[in-house]
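To start, the structure itself, in structure tokens.
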Amino acid sequence: MARDEAFCFYYPQTLELLEELGAKVVCFSPLADEGLPTGASGLYLGGGYPELHARALAHNASMRAAVREAVAAGMPTIAECGGFLYLHERLQDADGASWPMVGAVQGRAYRREGHGRFGYVTLTASEDGLLARKGESLRAHEFHYWESEHPGDAYVAQKPQSDRAWDCVVSTPSLYAGFPHLYLAGAPAAAARFVEACVCFAARGEAS
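The sequence shown runs contiguously to residue 209 in the working numbering.
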């Protein structure tokens, strides 16, 4: 789990549930560490402020490469909001400068005028993915001032008591990456799928 000045927003209840399901949560710093923790079998990039630390994140090329290779290898990965920004090819900082990031998600993340989507949403999967099967729903919330050239379309986000809805999230069998912050403590089946995927990834590595 990424945890430093750039990545700092997590629901404690989600981490507690992951541990109850058998995960060992190990923290690392995308700002300061050279690579992922030894033996890691899953990756959780939470919310935070990578846009305020874009230069330092860009300069840590070894970490960016390690994350890119892990995602490409199919390591189960959850990247929410700030973590999603970090996975882009480039990220614009608060001063308008553009910096290279991980490159696991196509395109550039950039600042927009005013905040983006704000508030609670229900996500409904448009296809099978890491955390949900087609038609299943997850609770989430969004609050961000940055936007993406490739926000994804694996889920439909629906505002409560509103007709407002939009496509979001880049999803594969091993990746959830998007602006919505998930409350996995309220979706134990999704949390269990993530942990199970991590176990399978670890076993695949041991077999090789």
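The beta carbon of each residue, even a glycine, is placed where N, CA and C say it ideally should be.
Small disclaimer: the values here were computed from a predicted structure and weren't measured.
Query                                                                                                             : Result
Option in LEU124, THR173, PRO174 with minimal Cα separation from LEU185                                           : LEU124
Buried/exposed call for THR15, threshold 16 Cβ in 10 Å                                                            : buried
3-residue-minimum beta strand (DSSP E) runs that sit fully inside the stretch 138 to 162, ordered along the chain : 138 to 144, 147 to 149, 156 to 159
Of the listed residues ALA188, SER30, HIS89, nearest to GLU137 (C-alpha basis)                                    : ALA188
From GLU6, TYR45, PHE202, GLY206, residue whose alpha carbon lies closest to that of VAL26                        : TYR45
Pair within 8 Å by beta-carbon distance, ALA73 and LEU92                                                          : no
Assigned secondary structure, ARG109 (DSSP; H/G/I helix, E/B strand, else coil)                                   : strand
Backbone secondary structure at VAL26 - three-state DSSP                                                          : coil
DSSP bridge partner residues for ASP168 (one or two, in chain order)                                              : VAL157
Beta-carbon gap between LEU19 and ALA71 smaller than 8 Å                                                          : no
Whether HIS60 touches VAL106 by CB criterion (8 Å)                                                                : no
Straight-line gap, LEU132 to ARG56 (C-alpha atoms, nearest Å)                                                     : 32 Å
Close Cβ partners of MET76 (< 6 Å) along its chain, the five nearest in sequence each way excluded                : LEU44, PHE202
Straight-line gap, ASP34 to HIS54 (C-alpha atoms, nearest Å)                                                      : 14 Å
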